[in-house]
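Peer 1: In mature numbering (1 follows the signal peptide of the UniProt record, and there is no 0), the protein residues as written are -26 to -1, 1 to 195. Even glycine gets a Cβ: it sits at the ideal position worked out from N, Cα and C.
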Amino acid sequence: MTWTMKRCFITLAILCLWRVQQLAEACSCSPSHPQQVFCNSDVVIRAKVVGKQEVDVGNDVYGDSIKQLKYDIKQIKMFKGPSNAIEAFYTARSSAMCGVSLETDGRKEYLITGMLEAETGTMRVTLCGLFEPWDNLTATQKMGLTERYQMGCECRITSCSSIPCMINSPSECLWLDWLMEKTENGRQAKNYACIKRSDNSCAWYRGSAEPKKDFMDIEDP
């Protein structure tokens, strides 16, 4: 085997390992409070999924066809998004690439969050967003979608998974679900929103009543 051939094999092996590593590391999501996902998403909707098909969305840098899943949906309510209704969203084919898998019989309602492509207005959904069955949401989470979460989008939710836990600014709320319950769907995620107060500081709030301008931290009226 000539040196040129050896170099070709070595280069090919490196490229293969690089692509395998890309696939292995492609889907990595940091734990996020539902309010964070709401604030960071372009679209937040309640919808039924009524169809699914695999579609070709172009080619990658190697010339290989890129296929994704297109989910057809029936929008029930839009909490955040464009003026027009969303009729479909796209996601990767596998969870390894952050693709989501939803039931398509149209019976189950979902809360679905995603991003919009600027040029086409296409909605993209990944595992890093929310795609929760509507009936699994708490009353507080549903209320957060309609009014509470938006009130705290200027706040920062800081997650803590080990002691000591600290915040660096009055505009932060300390999220302890991972530390206290070893889950991102704990008490604070289910029952609290991080809301800005009149002095621009932020604090956790729970309750059906409109929060007072100077409510206390972890207030639960």
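So, is Arg180 buried or exposed, given that buried needs 16 or more other C-beta atoms within 10 angstroms?
Peer 2: Position 206 of the sequence shown, counted from the first residue, corresponds to residue 180. Buried: at least 16 other Cβ atoms inside 10 Å.
Peer 1: Quick test of your reading: Val23 and Thr78, contact by CB under 8 Å. State the CB separation rounded to the nearest angstrom.
Peer 2: As a working note, residue 23 is residue 49 in the sequence shown. As a working note, residue 78 is residue 104 in the sequence shown. So it is a contact: roughly 5 Å between Cβ atoms.
Peer 1: How big is the Cα-Cα spacing for Arg130 and Leu148?
Peer 2: Position 156 of the sequence shown, counting from 1, holds the residue named residue 130. Position 174 of the sequence shown, counting from 1, holds the residue named residue 148. Computed Cα separation, rounded: 9 Å.
Peer 1: Look up Gly95 in the DSSP assignment and say whether it is helix, strand or coil.
Peer 2: Here residue 95 refers to the residue found at position 121 of the sequence shown. Three-state result, Gly95: coil.
Peer 1: Considering only C-alpha positions, which residue in the set Phe53, Ser175, Cys134 is nearest to Ser15?
Peer 2: As a working mapping, residue 15 is identified with position 41 in the sequence shown. When each option's Cα is compared against that of Ser15, the closest is Phe53.
Peer 1: Measuring CA to CA, which of Gly25, Gln10, Lys41 is closest to Arg122?
Peer 2: Taking the sequence shown and counting its residues from 1, one reaches residue 122 at position 148. Ranking the options by Cα distance to Arg122, first place goes to Gln10.
Peer 1: So the beta strand (DSSP E) Arg122 belongs to, where does it begin and stop?
Peer 2: Position 148 of the sequence shown, counting from 1, holds the residue named residue 122. Taken as a continuous stretch (DSSP letters only), Arg122 belongs to no beta strand (DSSP E), as it is neither H nor E.
Peer 1: In three-state DSSP terms, what is Glu83?
Peer 2: As a working mapping, residue 83 is identified with position 109 in the sequence shown. Judged by DSSP in its simplified three-state form, Glu83 adopts strand.
Peer 1: Note down, in chain order, each residue of its chain lying with its Cβ closer than 7 Å to the Cβ of Gln115, except the 5 sequence neighbours on either side.
Peer 2: Locating residue 115 in the sequence shown gives position 141, counting from the first residue. Within the same chain, Gln115 has close Cβ partners Pro8, Lys164.
Peer 1: Is the CB-CB distance between Leu76 and Tyr84 below 9 Å?
Peer 2: Residue numbering aside, residue 76 sits at position 102 when the sequence shown is read from its first letter. Residue numbering aside, residue 84 sits at position 110 when the sequence shown is read from its first letter. A distance below 9 Å separates the beta carbons of Leu76 and Tyr84.
Peer 1: Taking the alpha-carbon positions, what's the Ile(-17) to Met71 distance?
Peer 2: For the purposes of this step, residue -17 is taken as the residue at position 10 of the sequence shown. For the purposes of this step, residue 71 is taken as the residue at position 97 of the sequence shown. The predicted model places Ile(-17) with a pLDDT of 42, which falls under 50 and marks its position as unreliable, so this point remains unresolved.
Peer 1: Taking 9 Å as the threshold (C-beta atoms), are Cys1 and Thr100 in contact?
Peer 2: For the purposes of this step, residue 100 is taken as the residue at position 126 of the sequence shown. For the purposes of this step, residue 1 is taken as the residue at position 27 of the sequence shown. For Thr100 and Cys1, yes; Cβs fall inside 9 Å.
Peer 1: Mapping DSSP to helix, strand and coil, what is Phe151?
Peer 2: Locating residue 151 in the sequence shown gives position 177, where the first residue counts as 1. Residue identity differs from the one stated: residue 151 is Asp in this sequence, not Phe. Helix.
Peer 1: Cutting at 8 Å between CB atoms, please list the residues of its own chain near Ile40, excluding the five before and the five after it.
Peer 2: Taking the sequence shown and counting its residues from 1, the one referred to as residue 40 is at position 66. Excluding positions up to five away in sequence, the list reads Asp30, Val31, Gly32, Asn33, Asp34.
Peer 1: How big is the Cα-Cα spacing for Asp173 and Pro144?
Peer 2: Counting from one through the sequence shown, the residue named residue 173 turns up at place 199. Counting from one through the sequence shown, the residue named residue 144 turns up at place 170. About 9 Å.
Peer 1: Relative to the ligand GDP, is the shortest distance from any of its heavy atoms to the C-beta of Thr112 smaller than 8 Å?
Peer 2: The ligand GDP is absent from the structure shown, which contains no ligands of any kind.
Peer 1: Please report how far the alpha carbon of Thr94 lies from the alpha carbon of Lys48, in whole angstroms.
Peer 2: For the purposes of this step, residue 94 is identified with residue 120 of the sequence shown, where counting begins at 1. For the purposes of this step, residue 48 is identified with residue 74 of the sequence shown, where counting begins at 1. Distance between the alpha carbons of Thr94 and Lys48: 20 Å.
Peer 1: Helix, strand or coil for Asp173 per DSSP?
Peer 2: Locating residue 173 in the sequence shown gives position 199, counting from the first residue. Asp173: coil per DSSP, three-state reduction.
Peer 1: What did DSSP end up calling Arg161 once you bin it into helix, strand or coil?
Peer 2: Within the sequence shown, the letter at position 187 stands for residue 161. Looking at Arg161 - three-state DSSP - the assignment turns out to be helix.
Peer 1: Can you tell me where the beta strand (DSSP E) holding Val74 begins and where it ends?
Peer 2: The sequence position of residue 74 within the sequence shown is 100, counting from 1. Neither: Val74 is in no beta strand (DSSP E) and is coded neither H nor E.
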